[in-house]
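**Q** Residue numbers (my numbering), protein chains in the order written: chain A, 7 to 156; chain B, 7 to 156; chain C, 7 to 156; chain D, 7 to 156. We treat Cβ as the ideally placed atom computed from N, Cα and C, and that holds for glycine. As the structure is a prediction and not an experimental result, all values here were calculated from the model. This is the structure, below, for whatever I ask next.
4 protein chains.
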Amino acid sequence: MPDSAHAPASGWFEDRAFFFPLRVYYEDTDFSGIVYHANYLRFMERGRSEFLRATEISHQAMLALDEKLAWAVRRMRIDYRKPARVEEALTIRTRVIEVTAARMRLAQEVRRETEILVAAEVEACLITLDGRPRRVPDAVRKILLSYLET
Amino acid sequence: MPDSAHAPASGWFEDRAFFFPLRVYYEDTDFSGIVYHANYLRFMERGRSEFLRATEISHQAMLALDEKLAWAVRRMRIDYRKPARVEEALTIRTRVIEVTAARMRLAQEVRRETEILVAAEVEACLITLDGRPRRVPDAVRKILLSYLET
Amino acid sequence: MPDSAHAPASGWFEDRAFFFPLRVYYEDTDFSGIVYHANYLRFMERGRSEFLRATEISHQAMLALDEKLAWAVRRMRIDYRKPARVEEALTIRTRVIEVTAARMRLAQEVRRETEILVAAEVEACLITLDGRPRRVPDAVRKILLSYLET
Amino acid sequence: MPDSAHAPASGWFEDRAFFFPLRVYYEDTDFSGIVYHANYLRFMERGRSEFLRATEISHQAMLALDEKLAWAVRRMRIDYRKPARVEEALTIRTRVIEVTAARMRLAQEVRRETEILVAAEVEACLITLDGRPRRVPDAVRKILLSYLET
């Protein structure tokens with residue numbers, strides 16, 4: 007039954023930038039009537055996860071390595087410009103701006119139509135499930151580099 | 007730009023049952039490796055919200071009434087049968103099983119393919135933003151009744 | 007530095023019932039102005055976790071067993087009676103109502119002063135981190151039974 | 007019944023810095039075994055809320071003004087240094103580093119004992135429940151300034 011129309015949204019590329027659409031639900035808002043500030047980080051993480059899935063370096067792929075690995079955020083800068091409200095359709099734009107052996111750095115935006123509501127820069131590295139840092143495997147790094155902004 | 011392929015998933019009807027697809031992200035899991043039990047309630051709320059949007063009695067429509075109204079859950083029974091894991095694609099199935107002047111009662115399931123992971127019964131009523139109960143407006147009740155399981 | 011006044015709240019027993027205090031924050035509310043219904047499950051889980059810590063069968067103790075175990079909720083019935091709002095002080099009351107080799111069953115309430123806002127019954131069992139069910143170890147069962155309501 | 011031992015933790019001052027203790031629960035972790043990165047923002051918001059309550063400019067006080075106001079985060083910089091795990095006791099340290107008519111700027115840390123796990127800088131301003139920015143009322147600004155780091 008689940009053909010593509012019936013599957014969860016998975017996003018799309020425009021040049022090297024990845025776009026992921028989502029809708030704002032009850033759970034995302036707070037009593038002030040707008041989206042709770044920490045929840046934009048959940049939105050951006052969904053954008054990163056779908057970007058990684060689209061490039062075939064999904065979380066499950068990282069858990070299937072000899073040593074299970076997971077991405078951990080190391081640093082973020084977030085600029086909240088305008089609020090989003092319940093039921094609005096948003097888009098997360100994700101671009102790779104740096105890849106090294108130790109980490110990837112991404113620029114992400116939360117947009118409503120073409121308007122930028124939140125802009126962020128996110129640095130992530132790979133850790134074992136015991137919390138120890140690991141190099142970005144060469145194969146993963148090569149894939150990420152192919153999406154690097156020029 | 008956002009044509010239907012680029013919009014958030016919005017779900018579909020099969021007879022009178024409504025289906026909504028979603029994917030499990032990092033944020034939904036806990037240290038035991040599976041989806042945190044309270045997060046299935048967020049999933050089911052997304053299913054209810056999309057069902058209501060599909061029937062044109064969205065949250066924003068309720069906030070646009072002379073007196074702003076919002077749905078509040080009054081009672082739930084939840085049966086957790088099998089766990090879901092990160093990156094899995096799930097579907098929320100929502101059916102109306104009772105509608106009165108005071109409330110609606112829904113049966114909801116969280117499914118992975120055709121397997122039922124979580125089954126729930128949810129009773130919700132309408133409240134003002136001050137928390138006072140209100141009758142389900144006739145127009146809203148009529149719409150809900152047209153989806154009642156027979 | 008952290009003496010008892012400076013530690014997180016840890017709760018207390020009254021006879022065999024366990025009480026845990028918490029405050030409602032921004033993150034717990036939604037645009038309707040009250041606590042989002044799924045978040046009471048997070049509150050009740052904190053009450054269960056502190057009850058288990060108080061009885062010395064903490065989550066970390068279960069992760070230190072030969073085979074790592076974690077509690078998984080199997081069934082809940084929840085009755086939402088009155089809403090809570092931002093900054094209110096609430097108390098979670100937890101009582102053991104059944105313990106078998108396969109599961110524990112608890113009655114929980116979310117209270118504001120002596121008023122019951124939410125009442126629930128929760129059934130939980132133990133699983134491995136791979137999701138397979140395990141018997142409640144005898145030592146754990148014995149401790150839980152000593153708190154059984156009579 | 008709720009005497010101070012039975013109330014939620016409310017934090018304390020050391021000079022002008024405010025400290026708030028909390029414990030890590032199931033809900034805060036993700037499948038990688040550690041606290042989910044967005045949840046440290048919830049922790050820091052609890053620290054800000056308790057700081058504001060301690061200074062008697064609570065959220066409820068802002069909602070009681072002629073025009074209801076709520077704090078909105080405008081900008082954050084976050085440095086994730088070390089992960090926290092389930093059941094650990096953490097402390098949030100909050101200091102005021104700038105107050106103007108338009109905003110307050112805070113430095114916040116998430117600590118385990120004396121170790122800094124996460125360091126952040128947070129800028130927040132006041133908005134109406136319709137999302138329009140408002141000046142920080144003189145009385146509020148005066149209070150905040152009395153906690154300014156020197």
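Helix, strand or coil, according to DSSP, for Asp34 (chain A) in the structure here?
**A** Counting from 1 along the first sequence, the entry for residue 34 (chain A) is found at position 28. Note: Asp34 (chain A) maps to helix in three-state DSSP.
**Q** What residues in its chain sit with their C-beta under 6 Å from that of Asn45 (chain A), if we drop five residues either side in the sequence?
**A** Sequence index remark: in the first sequence, residue 45 (chain A) carries index 39 (1-based). Same-chain partners within the cutoff: Asp34.
**Q** I need the straight-line Cα distance from Ala108 (chain D) to Arg91 (chain A), nearest angstrom please.
**A** Residue mapping note: residue 108 (chain D) aligns to position 102 of the fourth sequence, counting from 1. Residue mapping note: residue 91 (chain A) aligns to position 85 of the first sequence, counting from 1. Answer to the nearest angstrom: the Cα atoms are 23 Å apart.
**Q** So with CB distances below 7 Å, who are the chain B contacts of His5 (chain C)?
**A** Look at the range of chain C in this structure, 7 to 156, and you will see that residue 5 (chain C) is not part of it.
**Q** Please report whether the beta-carbon of Leu28 (chain D) lies at a distance below 9 Å from any beta-carbon of chain C.
**A** Taking the first residue of the fourth sequence as 1, we reach residue 28 (chain D) at position 22. With 9 Å as the cut-off, Leu28 (chain D) counts as an interface residue toward chain C.
**Q** Would you give the residue range spanned by the beta strand (DSSP E) that Asp85 (chain D) belongs to?
**A** Mapped onto the fourth sequence, residue 85 (chain D) falls at position 79. Residues Leu75 to Tyr86.
**Q** Could you list which residues in chain C have their beta carbon closer than 9 Å to that of Pro89 (chain B), in chain order?
**A** For the purposes of this step, residue 89 (chain B) is identified with residue 83 of the second sequence, where counting begins at 1. Ordered by position in chain C, the residues that pass the 9 Å Cβ test against Pro89 (chain B) are Ala78, Ile133 and Gly137.
**Q** Taking the straight line between their C-alpha atoms, what separation do you get for Glu93 (chain D) and Phe37 (chain D)?
**A** To locate residue 93 (chain D), count along the fourth sequence from 1; it is residue 87. To locate residue 37 (chain D), count along the fourth sequence from 1; it is residue 31. When rounded, the distance between both Cα atoms is 15 Å.
**Q** Counting only C-beta atoms, is Val92 (chain D) closer than 9 Å to chain G at any point?
**A** No chain G is present in this structure, whose protein chains are A, B, C and D.
**Q** Give the straight-line distance between the Cα atoms of Arg48 (chain C) and Ile98 (chain D), rounded to the nearest whole angstrom.
**A** Indexing the third sequence from 1 puts residue 48 (chain C) at position 42. Indexing the fourth sequence from 1 puts residue 98 (chain D) at position 92. Roughly 20 Å between the two C-alpha positions.
**Q** Within 9 Å (strictly less), CB to CB, does Gly53 (chain C) reach chain B?
**A** As a position in the third sequence, residue 53 (chain C) is number 47, starting the count at 1. No, because no Cβ of chain B sits closer than 9 Å to the Cβ of Gly53 (chain C).
**Q** Taking buried to mean at least 16 other C-beta atoms within 10 Å of its own C-beta, is Arg52 (chain A) buried or exposed?
**A** Taking the first sequence and counting its residues from 1, one reaches residue 52 (chain A) at position 46. When all chains shown are included, Arg52 (chain A) counts as buried.
**Q** In chain order, what residues of the region 12-36 of chain D put their CB closer than 7 Å to some CB of chain A?
**A** none
**Q** Tell me the rounded alpha-carbon separation between Tyr86 (chain C) and Val128 (chain C).
**A** One-based indexing of the third sequence puts residue 86 (chain C) at position 80. One-based indexing of the third sequence puts residue 128 (chain C) at position 122. Approximately 14 Å between the Cα atoms of the pair.
**Q** Check the Cβ of Arg83 (chain B) against every Cβ in chain C and list those closer than 7 Å, keeping chain order.
**A** Along the second sequence, read from residue 1 onward, the residue named residue 83 (chain B) stands at position 77. Chain C residues near Arg83 (chain B): Arg83.
**Q** Does the Cβ of Ser55 (chain C) have 16 or more other Cβ atoms within 10 Å, making it buried, or fewer, making it exposed?
**A** Mapped onto the third sequence, residue 55 (chain C) falls at position 49. It is buried - the Cβ of Ser55 (chain C) has at least 16 other Cβ atoms within 10 Å.
**Q** Taking Cβ-Cβ distances shorter than 9 Å, what residues in chain B pair up with Ser38 (chain A)?
**A** Looking up residue 38 (chain A) in the first sequence gives position 32. Those do not exist, as Ser38 (chain A) stays about 12 Å from chain B at its closest Cβ, beyond 9 Å.
**Q** Check whether the region 10-20 of chain C touches the region 66-85 of chain B, counting contact only when three or more Cβ pairs, one atom from each stretch, lie closer than 8 Å.
**A** no
**Q** Our contact map puts Arg140 (chain B) next to Thr134 (chain B) with C-beta atoms below 8 Å; I'd like the distance itself, whole angstroms only.
**A** Position 134 of the second sequence, counting from 1, holds the residue named residue 140 (chain B). Position 128 of the second sequence, counting from 1, holds the residue named residue 134 (chain B). So it is a contact: roughly 6 Å between Cβ atoms.
**Q** Using the rule of at least 16 other Cβ atoms within 10 Å of the residue's Cβ for burial, across every protein chain shown, is Phe19 (chain C) buried or exposed?
**A** As a working note, residue 19 (chain C) is residue 13 in the third sequence. Exposed, because fewer than 16 other Cβ atoms sit within 10 Å of the Cβ of Phe19 (chain C).
**Q** Is Arg59 (chain D) close to chain C, meaning its C-beta is less than 9 Å from at least one C-beta of that chain?
**A** Residue mapping note: residue 59 (chain D) aligns to position 53 of the fourth sequence, counting from 1. Yes, Arg59 (chain D) counts as interfacial toward chain C.
**Q** Pick helix, strand or coil for Ile133 (chain C), following the three-state DSSP scheme.
**A** Here residue 133 (chain C) is taken as the residue at index 127 of the third sequence, counted from 1. Three-state DSSP puts Ile133 (chain C) in a strand.
**Q** For chain A, check one thing: does any of its Cβ atoms lie closer than 9 Å to the Cβ of Ser64 (chain B)?
**A** On the second sequence, position 58 is the one that residue 64 (chain B) refers to. Judged by the 9 Å Cβ criterion, Ser64 (chain B) is in contact with chain A.
**Q** State the beta-bridge partners of Leu112 (chain B) as determined by DSSP.
**A** Here residue 112 (chain B) refers to the residue found at position 106 when the second sequence is read from its first residue. The partner list for Leu112 (chain B) (beta bridge, DSSP) reads B:Val102 and B:Val128.
**Q** Please report how far the alpha carbon of Pro89 (chain C) lies from the alpha carbon of Thr120 (chain A), in whole angstroms.
**A** What you label residue 89 (chain C) is simply residue 83 of the third sequence in a count that begins at 1. What you label residue 120 (chain A) is simply residue 114 of the first sequence in a count that begins at 1. In a straight line, the C-alpha of Pro89 (chain C) is about 38 Å away from that of Thr120 (chain A).
**Q** Rounded C-beta distance between Val79 (chain C) and Ala130 (chain C)? I'm assuming under 8 Å.
**A** Numbered from 1 along the third sequence, position 73 holds the residue referred to as residue 79 (chain C). Numbered from 1 along the third sequence, position 124 holds the residue referred to as residue 130 (chain C). Between Ala130 (chain C) and Val79 (chain C) the Cβ distance is about 5 Å, and since that is below 8 Å, they are a contact.
**Q** Distance, Cα to Cα, Pro8 (chain D) vs Val116 (chain C)?
**A** Residue 8 (chain D) sits at position 2 when you count from the first residue of the fourth sequence. Residue 116 (chain C) sits at position 110 when you count from the first residue of the third sequence. In this prediction, Pro8 (chain D) has a pLDDT of 44, which is less than 50 and means its spatial position is unreliable; what the coordinates show is noted afterwards. About 14 Å.
**Q** Indicate whether at least one CB of chain A lies closer than 9 Å to the CB of Tyr153 (chain D).
**A** As a position in the fourth sequence, residue 153 (chain D) is number 147, starting the count at 1. Judged by the 9 Å Cβ criterion, Tyr153 (chain D) is not in contact with chain A.
**Q** Examine chain D for any beta-carbon lying closer than 9 Å to the beta-carbon of Glu129 (chain C), and answer yes or no.
**A** What you label residue 129 (chain C) is simply residue 123 of the third sequence in a count that begins at 1. With 9 Å as the cut-off, Glu129 (chain C) does not count as an interface residue toward chain D.
**Q** Determine whether the Cβ of Glu56 (chain D) lies closer than 9 Å to any Cβ atom of chain C.
**A** For the purposes of this step, residue 56 (chain D) is taken as the residue at position 50 of the fourth sequence. It does: the Cβ of Glu56 (chain D) has a partner Cβ on chain C nearer than 9 Å.
**Q** Give me, in chain order, the residues of the same chain whose beta-carbon lies closer than 6 Å to that of Arg101 (chain D); leave out the 5 immediate sequence neighbours on both sides.
**A** Here residue 101 (chain D) is taken as the residue at index 95 of the fourth sequence, counted from 1. Ala23, Ala113 and Glu155.
**Q** How long is the line joining the alpha carbons of Leu132 (chain C) and Ala76 (chain C), rounded to whole angstroms?
**A** For the purposes of this step, residue 132 (chain C) is taken as residue 126 along the third sequence, with counting starting at 1. For the purposes of this step, residue 76 (chain C) is taken as residue 70 along the third sequence, with counting starting at 1. For Leu132 (chain C) and Ala76 (chain C), the distance between alpha carbons rounds to 6 Å.
**Q** In this structure, what does DSSP give as the bridge partners for Ala23 (chain D)?
**A** Within the fourth sequence, the letter at position 17 stands for residue 23 (chain D). Bridge partners of Ala23 (chain D): D:Glu20.
**Q** Excluding the 5 residues preceding and the 5 following Arg81 (chain A) in the sequence, name in chain order all residues of the same chain whose CB lies nearer than 7 Å to its CB.
**A** Sequence index remark: in the first sequence, residue 81 (chain A) carries index 75 (1-based). So the list reads Glu129, once near-sequence residues are dropped.
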